[in-house]
Each structure stands twice: as C-alpha cells, then as structure tokens.
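For the sequence shown, the positions run 10 to 203 when my numbering is used.
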Amino acid sequence: MKTGQREWILLCAAVCGGLLAGSVVPGLLKMGSGTYAGLLSQYSLSRYQEIHVSGWELFTAVFQKRLSFFLFLWMSSYTVIGLAFHGFCLFVLASAAGLLLAVFLLQEGYEGALLFFCCLMPQWMLYLAAWREELLFLFRRRTWKTESLLPGNAVIGRYDLAVLGKILTLCLLGCGVECFLGTWTMKIFLQYFH
10 MKTGQREWIL
20 LCAAVCGGLL
30 AGSVVPGLLK
40 MGSGTYAGLL
50 SQYSLSRYQE
60 IHVSGWELFT
70 AVFQKRLSFF
80 LFLWMSSYTV
90 IGLAFHGFCL
100 FVLASAAGLL
110 LAVFLLQEGY
120 EGALLFFCCL
130 MPQWMLYLAA
140 WREELLFLFR
150 RRTWKTESLL
160 PGNAVIGRYD
170 LAVLGKILTL
180 CLLGCGVECF
190 LGTWTMKIFL
200 QYFH
C-alpha cells in the first residue's frame, strides 16, 4: 500500500471514529433528558427566532476563529507532525458533529437531522473545499525531498502562497455564508418546523 493511501485511510478513520464517538456519547450520558435537554428546548428554539443577530459582528468573530484554525493547519504542513495535527483536528471536528447530530436526533427525532443539515450545509461545503486544498498541500509537501526542507532552503514559494490564497478565499466565503445565509436558513427552518 502506498504512503499516500495509508494517510488518506488514516484521515478517513479519524473522521469515522470521531463521528461514532460523538454519536455514542449523548446516548450514554442520557443527554436527551434532564439539564442537557435545555440545549434544544422549545423555549430556546423559539428565542432564536426572535433574536436579531448583527451579521458583521458575527462575521468578524467567526472569521477570526476559522482563519486561525486554517492558518494553524497550513503552518503545521511545514512540520514533521503535520499529519498528526490534521488527524487529531479531523477527529475532534467529526466527534463534535456526531455529538450535535445525536443531540438533535434525541430532541427532535427525524426533524433533528434536518436541523443538523440546516446548521451545517451552506457553509461547510466551502470549509470542506478549503480543508481539501489544505490536505492536498500537506500531501504535496510530504512528497518533496528532504533537502528542500532544510532551514537554508525553506522558502515559501508561489505555489504555497497560491494555496494559502485559495484557503483564505474559501474561508472568507464560508464565513460570509455562515453568518449571513446560515442565520436565515435556521430561522426559516424553525418557522416551518416549530
């Protein structure tokens, strides 16, 4: 098996393991009832419909978080343990998504799956495209000869900056969709299903 295939299998296993871990936790901790049920109570969902969110304030906060995350991953591509960082981040993100989906399903039934996709769908397509560009960059960096990575030869080239530009553009678009379109889709969903 080639090294590249092993790396992709490792990352896919991190995603599947994270989704499984995140999906199992709410059932084990009985998060569908008790204090955790307040997360998705009728009151909190109806309050969300009434909240007016400033898109620009939300955009700056979200963009800072997403940008620092993608820049961290991009910079970790230059290190020896970059693949381990990527695998760990994939596991954590997948477990958070699995946890969110499981809690939504426990509270809302099948409508919880719709609510989950409503929360994630518009913006995460762009975030996944940015993540893909970043992973391709990581795998391309790992195939270079070690002489090119010596301190005297370590120069950020045009390709590196082009990939960084793609990642930043996709991150910017994803944040815009999340902050301006995502809040509308949530309110529309809650209007029709609650």
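Where a beta carbon is used, it is the ideal one built from N, C-alpha and C, also for glycine. Small disclaimer: the values here were computed from a predicted structure and weren't measured.
If you compare the alpha carbons of Ser32, Phe79, Gln14, Met195 with that of Leu123, the shortest gap goes to Met195. Three or more beta-carbon pairs separated by less than 8 Å are not found between the segment 103-122 and the segment 174-182, which leaves the two stretches without contact. Distance between Gly64 and Gly191, taken at the CA atoms: about 10 Å.
The C-beta separation of Ala138 from Leu82 comes to about 14 Å, leaving the pair out of contact by the 8 Å criterion.
Here Gly31 really is in contact with Gly107; their C-beta atoms are around 3 Å apart, less than 8 Å. Looking at the backbone, the Cα of Pro131 and that of Gly96 are separated by about 24 Å. Close CB contacts of Leu19 within its chain, under the 7 Å cut and outside five residues either way in sequence, are with Gly96 (chain order). In this structure Ala103 is buried. Its beta-carbon is surrounded by 16 or more other beta-carbon atoms within 10 angstroms. Of the residues Ile197, Phe79, Gly121, the one whose Cα lies closest to the Cα of Phe146 is Phe79. Tyr136 counts as buried, since at least 16 other C-beta atoms from the protein chains shown sit within 10 angstroms of its C-beta.
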